[in-house]
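Residue numbers for the sequence shown follow full-length UniProt numbering, beginning at 1 and rising by one. For glycine and all other residues, C-beta sits at the position ideal for the given N, C-alpha and C.
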Amino acid sequence: MIPLLILGLLIQNPGAHGYELLSLMEKRHYKYIVNFTKGSFYYNLQQLEEKGLIEQTHQIRPNNGREIHTFKITSLGIEEFEKLMAKYGTKSEYVNLQFYGALLFADEFDKHKLLELIQSQIDQTEARIALLDEYLAITKELPGKIDYFRRMNENSRSHHLVNLKWFKELKADIEEATV
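Have a look at this one:
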């Protein structure tokens, strides 16, 4: 999915440099959509260039005269973007919380340690909700224009709220059962 994100960002930001694209992915919290690192980002950027889907351009910065490497999407890149949109736009998969796997063996685990794990999930979920709230507070959907990313984040927030409620109820039930 990283190639789709890079190609889409280059369509939105023609002439961006690699660091700028990576910064956008981090600022927009794309880590909640796909797992990526700085290394995997630059690897995918290089692969897209080698396949002729993007090309590097060179610009001279007017303020200091240094050369910067920017990228633009090619016609082959536009075709690949269309294919990737169709590929990922038709997928629907279950949410895979690794925590669910750990819960399969909750009865074989120390209850106090289990409560610590659940509290960790509560803390992480609250942090995610706070990040989403921060993003949603600074963005507004303009009349007549659908902001898909904002709506996706609103949906993600709703899912996190459901998880948070469930984690808290589970923790309370365990605490009640161990008293």
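Taking 7 Å as the limit between beta carbons, can you name the residues of its chain near L170, skipping five residues before and five after? I118
Residues that DSSP places opposite I54 in a beta bridge: I73
When you compare only the Cα positions, how much space is there between T125 and K27? 18 Å
Should the region 101-120 be regarded as contacting the region 159-175, the criterion being three or more beta carbon pairs within less than 8 Å? yes
Does the distance from the C-beta atom of G52 to that of T74 stay below 7 Å? yes
Pairwise C-alpha distance: S158 and F41: 28 Å
Considering only their Cβ atoms, is the gap separating R151 from T139 smaller than 7 Å? no
Thinking S156 and Y32 are a contact (beta carbons under 8 Å), I'd like their distance in whole angstroms, please. 6 Å
Cα-Cα separation, Q98 to V34: 15 Å
Checking 7 Å against the spacing of the C-beta atoms, do I54 and R61 come in under that value? no
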